[in-house]
Every structure is written in C-alpha cells, then in structure tokens.
Amino acid sequence: MDIEQFRKAGYDAIDRICAYHYSLREKPVVAQVKPGYLRDLIPNSAPQKGHEWASIIDDYQRDILPGLTHWHHPSFFAYFPTANTFEGVLGDLLSSSTSNPGFNWFASPACTELEAVVMDWAAKMFGLHRAFWNVNEVGGGVIQTTASDSALTAIVAARTRYISDHSGTALESLVIYVTTQTHSFGKKAGMILGLRVRALDVDATVTTDNTGLTGEVLRAAVKEDHARGLHPFVLIATVGTTSTGAIDQVGEIGAIIEESFPSIWLHVDAAWAGVTLACPEYREFAQLPGINEHADSVCINFHKWGLTNFDASSLWVRERRRLIDALDVTPEYLRTKEGDAGNVTDYRNWHLSLGRRFRSLKLWFVLRSFGVEGFQANIRKCISLNNSFVERVRACPIFELVTPPAFALTVFRLLPEPAGNTDELESVNSLNRAFYSDLQSRPDLALTQTSLGGVFCVRFAVGSTRTEQRDIDNAWKIIKEAGENVLLKMGLLSLNRMQYT
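Take the sequence shown: its letters are residues 1 to 501, numbered as in our numbering.
Below, the structure written as structure tokens:
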C-alpha cells in the first residue's frame with residue numbers, strides 16, 4: 001500500500017468506524033457466535049499472494065465485527081467499562097503512524113517528555129501530592145499497560161528494597177499481602193515471582209458496609225507471620241475492588257505500617273475507582289488523604305473509566321529510584337550521553353519491558369479535548385445513572401442490595417418470598433444463578449456475576465460514555481422482568497409482590 005492508497009483506505013476506514021458507532025445502539029451487546037466460529041470462515045493458512053485491501057476490509061466487516069463484544073455499547077454493564085473516545089482513537093492512529101519503541105529519551109525525546117508532562121497533569125487533576133510528580137525528580141508517574149503490570153512492577157521494586165534493607169532474608173520467607181477481594185493479579189504476581197501470597201479475609205466487612213481491609217486486621221496478620229519467621233514486604237490495598245467496589249482503609253493501614261512495619265511497601269490499586277479523585281467531593285471517600293500520606297505507589301487506569309482507549313494504566317511512585325534500583329539493566333548498546341549525564345528520564349527502567357508504546361499522545365489528546373471539567377462531568381454522570389438504578393433496586397421487594405453501592409457499581413440479587421429469607425443459602429444462590437443465566441442469554445444487555453462470602457450476586461457497572469438514562473430504564477425493565485419470570489417459574493412470586501413490582 002503506497003501513500004495514496006493508504007489515504008483512500010484511511011478515509012474508508014474512518015467512514016466504517018463512524019457507521020459502526022452510529023449503529024452501535026442497535027447491535028447486540030454480546031457477540032452472537034459459537035466457539036470456533038471464525039475457523040470456519042478464515043482459511044487455514046496465510047495467502048501466497050496478497051489480497052486487495054477492499055476485500056480485506058470487507059471480510060473484517062463480515063467476519064470479524066460480528067464476533068466482537070461491544071464494551072462501549074450503552075447497555076454494557078459488565079465487568080468495568082473500557083474507555084473509548086474518538087480523541088483516543090486518533091491518538092492511537094497518530095502514535096502508530098510514527099511507531100517507535102520509546103525505551104529511552106534518545107529513542108524519541110517527545111515520547112518521554114510528553115509522558116512526564118501528562119502524568120503530572122493527571123497527578124494534579126487527581127490531587128496527588130507533589131511527591132508523586134515527575135517535575136520534582138524524586139517520585140513520578142509512568143504509563144504501564146495494565147494494572148497487573150503496575151502491581152507487578154511495584155512488587156518487584158518492593159522486593160528489591162526489602163532484600164537490600166534486610167540482607168540475608170530468604171526469598172521463600174517473603175510474603176505478598178493481598179485481601180480476599182484483591183484482583184487476581186495479586187496471586188498471579190506470586191506465581192510469576194515464586195513468592196508466597198497471603199489473602200487477608202475482609203469478606204465480613206465488605207458484606208456489612210463495603211469496607212475492605214482495616215488496620216487491625218493487618219496488624220494481627222503481620223504479627224502472626226513475624227512469629228512464624230515470615231517477612232511480609234508489600235501490601236496491595238484496593239480502592240474500588242473488582243468484585244464489589246470495596247475500599248480498603250488506606251489511611252488507617254498506612255499509619256500502622258508507618259508506625260510499626262515501615263519495611264512494608266504500600267501499593268494502592270485504584271485501577272477503576274481512582275478516576276473519581278478528579279472530583280473533589282469523592283476524594284476523602286476514595287482515600288486520597290491516606291494515599292498522599294502513606295502510599296509508596298498508586299495505580300489508576302485511564303483505559304477503564306478515564307476516557308482513554310486501552311491500554312493506558314498510570315503508575316505513580318513516591319521514590320523513582322526504587323524502580324530504577326530494581327529494574328535498571330543498561331548494556332553498552334543502550335547507553336546514551338543524556339542517560340549517562342543523568343539529566344533525562346529513561347522510562348525503560350520504570351517497568352519490566354524494554355520497548356514501550358507512545359501512549360501519552362492519546363492521553364494528551366483526551367485531557368486537552370475534555371479538560372478537567374469534562375473529565376469530571378463524565379464521572380458524575382455515570383454515578384448519577386447508577387444511583388437511579390440503585391433507587392429502583394431499593395424500591396423493588398424482589399431484589400436487595402448485597403453491598404452498599406460503590407460509585408457507579410451496584411451489587412444486588414434476587415430474593416425469594418418472604419424478602420430477606422436466606423435460611424437456605426444454596427437455594428437462594430441457585431435462584432440467582434437461574435436469574436443470571438436468563439440475563440446472560442440476552443443479546444441486548446451485559447452484566448457479570450460475583451460471589452461474596454458464599455453469596456452469589458449480580459454486578460451492574462455503569463461507565464460507557466454513550467450510556468444514557470433511557471439505557472438504565474431499559475436495563476431495569478429487562479432485569480425486573482427476568483427476576484419476575486424466574487420467581488414465577490419456581491412458584492416464589494405472590495400476587496401481592498407481583499402487583500407491587
């Protein structure tokens with residue numbers, strides 16, 4: 001493809017993207033295909049001779065697009081949102097058009113310098129302490145691929161710091177602390193690094209008030225492990241867990257670490273809910289004071305609820321030298337005069353990989369286009385829409401909230417009659433599995449499930465920029481009808497309850 005052919009194909013691709021978005025609301029949310037469908041449509045080997053672009057893009061439209069689940073569909077309420085804005089799309093397009101690995105300043109100065117600037121923009125927007133700003137040249141921010149990579153990077157740095165400060169400590173005695181509500185990347189990090197992982201039980205407090213880890217639970221666990229000759233060296237605290245949106249008490253936890261266990265690195269995973277820090281009214285609830293005072297590192301994903309297309313996970317550290325001490329490997333062929341002089345940032349030393357994408361460009365586009373006010377407006381809109389869903393659940397006697405709502409996430413379940421009768425937990429769980437199965441079979445709505453203390457629940461997460469009140473209304477209608485149908489089938493819906501709903 002030459003430049004003029006690319007120009008023509010590019011115009012056509014943009015037209016197809018626009019047509020896709022115009023028709024998105026009418027599409028099924030979840031792909032309506034069977035496993036293995038694509039192998040029946042695509043040849044078993046690559047063509048010997050290249051095909052014309054027109055036929056390739058037509059095949060994409062016919063064969064690939066129907067196999068996509070539309071995460072930015074206005075009726076997608078599953079998992080957590082993944083951001084999709086045209087500013088981000090254009091940022092990805094332009095960064096791809098000048099593709100370079102960006103592993104050090106010399107490789108492409110703009111890639112490094114723009115990232116340092118926009119990470120400071122974001123830190124200020126979220127209210128992060130100056131200690132986390134790049135401009136102070138002590139701490140700073142870097143864009144990673146996902147929250148899993150951010151956590152793994154922080155754990156590697158924490159391990160290096162602990163071993164350096166406690167020489168002779170056996171690796172097999174090191175312990176990574178997570179909780180029973182921490183994202184699965186905590187356990188996976190232990191698998192990758194060959195280290196112990198201990199999940200501190202917080203299910204009871206999550207069920208009660210959606211509070212996660214408290215300081216006293218942490219204190220008891222550390223004392224117990226120290227008595228066993230083990231060395232907890234990092235704690236992953238969460239602001240907005242995947243399962244329920246629970247919030248670990250970062251200030252309380254951090255104060256205990258600082259007072260009694262200063263060798264433990266505190267990493268705060270705020271991948272989803274961290275963007276709420278852009279709104280001053282949510283900062284205390286989202287633990288900003290504790291983060292600013294105590295966290296060694298904090299992760300917030302722009303590619304979830306932050307208007308920036310995947311991937312864009314931001315990681316801030318209080319001391320950048322901790323990353324560099326753990327991850328700097330500089331063979332002769334990577335040395336540069338700027339790097340040797342120490343007056344530039346080489347981001348390859350801030351994460352596990354060498355090469356890196358020019359992700360800061362799309363984040364720059366998004367922040368400039370929306371501004372702080374537009375960013376805040378999107379967060380507030382989604383929370384308001386979720387609140388309208390919560391009001392429906394609370395008013396309907398066939399449902400109950402399992403935990404208090406968390407920002408734009410609701411965790412709820414279907415109840416038999418009489419409401420609140422949970423003497424037979426498994427029978428209620430079976431009822432809800434049937435309810436969820438009915439919802440999952442629908443093409444016009446997407447939700448996900450979770451389990452909390454043995455209780456099967458359904459999750460409803462708002463976050464698409466395209467979701468409007470009419471989509472919440474439609475989702476509620478579908479959910480209520482599905483609940484009524486399951487109760488009727490099982491003879492558990494009385495006339496009084498049915499009339500009320």
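In this text, a Cβ means the ideal position worked out from N, Cα and C, and glycines have one as well. Computed from a predicted model, the values in this text were never measured in an experiment.
Taking the Cα of residue 54 as reference, the smallest distance to any Cα among 9, 62, 30 and 43 is reached at 9. The alpha-carbon of residue 141 is positioned some 43 angstroms away from that of residue 414. In the three-state reduction of the DSSP assignment, residue 450 falls in the strand class. If you compare the alpha carbons of 82, 97 and 325 with that of residue 3, the shortest gap goes to 97. A check of alpha carbon separations from residue 15 across 43, 86, 77 and 27 identifies 86 as the nearest. Rounded to the nearest whole angstrom, the CA to CA distance from residue 468 to residue 105 is 43 angstroms. Taken in chain order, the complete beta strand (DSSP E) segments of 3 or more residues contained in the stretch 268-310 are 297-301. DSSP places residue 160 inside the alpha helix (DSSP H), whose first and last residues are 147-165. In the structure shown, the three-state DSSP call for residue 352 is coil. Take the alpha-carbon of residue 482 and the one of residue 402: they are about 18 angstroms apart.
When the Cα atoms are used, residue 465 and residue 114 turn out to be separated by approximately 26 angstroms. Across the set 151, 193 and 326, the C-alpha of 151 shows the shortest separation from the C-alpha of residue 182. Between residue 456 and residue 433, the C-beta gap is smaller than 8 angstroms, which places the two residues in contact.
The Cβ atoms of residue 145 and residue 311 sit closer than 8 angstroms to each other. In this structure the stretch 280-292 does not lie against the stretch 65-72, because fewer than three pairs of beta carbons, one per stretch, are closer than 8 angstroms.
Contact check between the stretch 261-278 and the stretch 122-135: three or more CB pairs, one atom from each, fall below 8 angstroms, which counts as touching.
Assignment of residue 52 by DSSP, reduced to helix, strand and coil, places it in the coil class. Spanning the alpha carbons of residue 287 and residue 260 requires a straight line of approximately 21 angstroms. In chain order, 29, 70, 446 and 464 place their CB closer than 7 angstroms to the CB of residue 76, counting only its own chain and leaving out the 5 sequence neighbours on each side. For residue 460, the enclosing beta strand (DSSP E) stretches over residues 455-461. Residue state for residue 437 is assigned as helix, using DSSP reduced to three classes. In this structure residue 267 does not touch residue 162 by the C-beta definition: roughly 13 angstroms separates them, more than the 8 angstroms allowed. As a beta-bridge residue in DSSP terms, residue 198 pairs with 177. Of the candidates 365, 252, 207 and 299, 252 places its Cα closest to the Cα of residue 216. A straight-line Cα-Cα distance of about 6 angstroms links residue 187 and residue 197. Every alpha helix (DSSP H) stretch that sits fully inside the stretch 69-124 and reaches 4 residues is listed by chain position as 86-97.
Assignment of residue 344 by DSSP, reduced to helix, strand and coil, places it in the coil class.
In the DSSP assignment, the residues bridged to residue 413 are 400. Excluding sequence positions up to five before and after residue 243, its CB lies within less than 6 angstroms of the CB of 181 and 450, all in the same chain and listed in chain order. DSSP, reduced to helix, strand and coil, places residue 133 outside both helices and strands of the structure shown, so it counts as coil.
Cβ-Cβ separation between residue 56 and residue 13: approximately 11 angstroms, too far for a contact (criterion under 8 angstroms). Of 284, 333 and 314, the smallest CA-CA separation from residue 298 is found for 314. The C-alpha of residue 480 is placed about 10 angstroms away from the C-alpha of residue 486. C-alpha of residue 137 to C-alpha of residue 60: approximately 46 angstroms in a straight line. Of the residues assessed, residue 223 falls on the exposed side of the cut-off, its CB having fewer than 16 other CB atoms within 10 angstroms.
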